[in-house]
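Taking our numbering, the leading residue of the sequence shown gets 13, the next gets one more, and so forth. Beta carbons: idealized from backbone N, C-alpha and C, even for Gly. Because the structure is a prediction, the values reported are computed rather than measured.
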Amino acid sequence: MHAHAHQTQVIKSEGTQFPPAPPSQHLMSRIINGFSREVDPLLHSECGCAVCGKLVTTAHMV
13 MHAHAHQTQV IKSEGTQFPP APPSQHLMSR IINGFSREVD PLLHSECGCA
63 VCGKLVTTAH MV
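Rendered as structure tokens:
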């Protein structure tokens with residue numbers, strides 16, 4: 013193994029640090045909750061209207 017393989021290089025350019033710091037617990041919670049809402053099966057499953065047969069998402073069925 014090379015000696016430089018374990019070194020982490022930090023690059024600063026125009027006030028931006030790379031690699032960025034790990035996300036906070038609050039940010040991770042917001043990301044996970046947002047993802048969970050977006051992949052909710054009710055938002056992606058469809059049902060046919062009993063009158064006209066048009067497919068609509070289950071979340072929009074009355």
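Spatial distance of residue 26 from residue 61 (CA atoms): 55 angstroms
Spatial neighbours of residue 43 in its chain, beta-carbon cut-off 8 angstroms, leaving aside the 5 residues before and after: 35
Residue 60, enclosing beta strand (DSSP E) - first and last residue: 58-60
Residue of 30, 33, 73 minimising C-alpha distance to residue 55: 73
Spatial distance of residue 45 from residue 59 (CA atoms): 26 angstroms
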